[in-house]
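Worksheet for the structure shown next.
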Amino acid sequence: MQDKRITSDDVARLAGVSRSAVSRTFTPGASVSESTRNSVIAAARKLGYRPNALARSLTGQQSGLVAVVMAEFANPYESQVFYALTQALQKLDKVSMLVTPDESGDINNSLQLVGAYQVDSAIIAAGSLSLQATQICLTMGIPSVLMGRDDPFGKICSVQTDNRMAGRLAAEHLVNSGAQRPAYIGGRPDGQASQERKQGFFDSLRDQGVEPLGHCDNPDYSYQSGYQSALELLQRRPEIDSLFCAFGAMDAIRQQLGRKTPQDIQFVGADNVPMAEWPGYQLTTISQPVELLAQAVMENLEIILTQGQAMARSRRVAPWLVSRATTRNA
Numbered sequence: 015m016q017d018k019r020i021t022s023d024d025v026a027r028l029a030g031v032s033r034s035a036v037s038r039t040f041t042p043g044a045s046v047s048e049s050t051r052n053s054v055i056a057a058a059r060k061l062g063y064r065p066n067a068l069a070r071s072l073t074g075q076q077s078g079l080v081a082v083v084m085a086e087f088a089n090p091y092e093s094q095v096f097y098a099l100t101q102a103l104q105k106l107d108k109v110s111m112l113v114t115p116d117e118s119g120d121i122n123n124s125l126q127l128v129g130a131y132q133v134d135s136a137i138i139a140a141g142s143l144s145l146q147a148t149q150i151c152l153t154m155g156i157p158s159v160l161m162g163r164d165d166p167f168g169k170i171c172s173v174q175t176d177n178r179m180a181g182r183l184a185a186e187h188l189v190n191s192g193a194q195r196p197a198y199i200g201g202r203p204d205g206q207a208s209q210e211r212k213q214g215f216f217d218s219l220r221d222q223g224v225e226p227l228g229h230c231d232n233p234d235y236s237y238q239s240g241y242q243s244a245l246e247l248l249q250r251r252p253e254i255d256s257l258f259c260a261f262g263a264m265d266a267i268r269q270q271l272g273r274k275t276p277q278d279i280q281f282v283g284a285d286n287v288p289m290a291e292w293p294g295y296q297l298t299t300i301s302q303p304v305e306l307l308a309q310a311v312m313e314n315l316e317i318i319l320t321q322g323q324a325m326a327r328s329r330r331v332a333p334w335l336v337s338r339a340t341t342r343n344a
């Protein structure tokens with residue numbers, strides 16, 4: 015076990031260089047000769063030295079910390095997004111710092127950490143946040159990229175899935191599979207992604223001559239909300255033959271309604287989380303391109319940090335349909 019923390023002085027001593035040479039070696043863009051750099055890197059590896067990012071930030075250098083503001087981790091999609099963002103940041107030698115609202119949904123106290131830790135920039139996963147929490151995040155005053163929602167003031171770029179296309183793909187799949195009485199179960203009413211999916215879904219159905227039978231919005235994207243909404247929707251409209259929904263709704267229909275439902279129900283989901291391919295579901299779903307979204311976020315972050323916020327551009331990334339065994343209520 016190592017007795018003491020390895021410092022830049024230790025590295026300088028082993029490499030036979032000055033401490034400032036060690037600092038320049040680990041400072042992006044700093045001037046240092048190739049031989050000095052090689053000596054410092056070799057010494058650092060031998061000693062197990064890692065530069066202190068927070069200490070660098072106190073000298074005016076970038077800390078490499080990026081705040082990732084998001085919520086609703088009960089939704090498996092958010093975990094996928096956080097993992098993809100973390101992996102993409104690490105490839106750029108940056109570190110993610112997760113910032114979440116408290117149990118009441120208040121984000122103010124959590125955002126104080128952003129300033130306290132000298133965070134360089136932020137990724138605001140606004141699709142998982144309330145509109146109010148998103149608006150508070152937009153006042154942080156640090157370089158930021160939004161995910162899942164547009165900035166109502168048009169100052170901060172956003173990266174999103176083309177959610178209207180997602181809705182259209184779901185509608186086309188269901189109608190092509192014979193659905194005539196479809197419905198939609200979505201997320202929070204103030205969620206831009208959910209509302210755009212619904213609009214794309216309904217528009218496509220009507221373009222194909224099929225009238226949707228109804229929809230339900232939920233306070234969040236949790237399993238329980240989808241479960242309860244499906245029960246309520248089927249009680250109001252038992253003739254529904256297909257749903258654009260998620261796992262909670264599927265289980266509600268299969269487990270609670272069973273043979274009381276007058277016909278089989280077709281399902282198509284969103285996000286293509288790992289559960290979708292489990293044998294118990296085999297859910298045909300609209301896949302959000304998580305890795306492509308993360309890449310687009312990184313590209314905008316680099317533009318913002320080097321050229322300024324005004325140079326970044328909002329982007330919409332196309333989803334696609336992942337077709338699996340037709341999933342029906344048994």
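Quick note: the sequence shown, position 156, residue 170 per this note's numbering, numbers continuous. We put the CB at the ideal spot given by N, CA and C, even for glycine. Everything numeric in this text was worked out from a predicted model, so none of it was measured.
{"Query": "DSSP-derived helix/strand/coil call for residue 50", "Result": "helix"}
{"Query": "Rounded separation between residue 310 and residue 154 - CA only", "Result": "22 Å"}
{"Query": "Exposure label - residue 280; buried when at least 16 CB within 10 Å", "Result": "buried"}
{"Query": "Buried versus exposed call for residue 325 [16 or more other C-beta atoms within 10 Å across all chains shown]", "Result": "exposed"}
{"Query": "Distance, residue 253 Cα to residue 159 Cα", "Result": "43 Å"}
{"Query": "Distance cut-off 6 Å: residue 87 Cβ against heavy atoms of the ligand MG", "Result": "No copy of the ligand MG appears in this structure; indeed no ligand is present at all."}
{"Query": "Supposed close pair residue 173, residue 139 - CB separation, criterion 8 Å", "Result": "Residue 173 to residue 139, Cβ: 10 Å. No contact."}
{"Query": "Buried/exposed call for residue 62, threshold 16 Cβ in 10 Å", "Result": "exposed"}
{"Query": "Assigned secondary structure, residue 90 (DSSP; H/G/I helix, E/B strand, else coil)", "Result": "helix"}
{"Query": "Exposure label - residue 214; buried when at least 16 CB within 10 Å", "Result": "buried"}
{"Query": "Residue span of the beta strand (DSSP E) that contains residue 198, given as start and end", "Result": "196–199"}
{"Query": "Rounded C-alpha distance that separates residue 243 from residue 192", "Result": "24 Å"}
{"Query": "Contact under 7 Å by Cβ, residue 262 with residue 240", "Result": "yes"}
{"Query": "Three-state class that DSSP yields for residue 148 in the structure shown", "Result": "helix"}
{"Query": "Residue 138 (DSSP reduced to helix, strand or coil)", "Result": "strand"}
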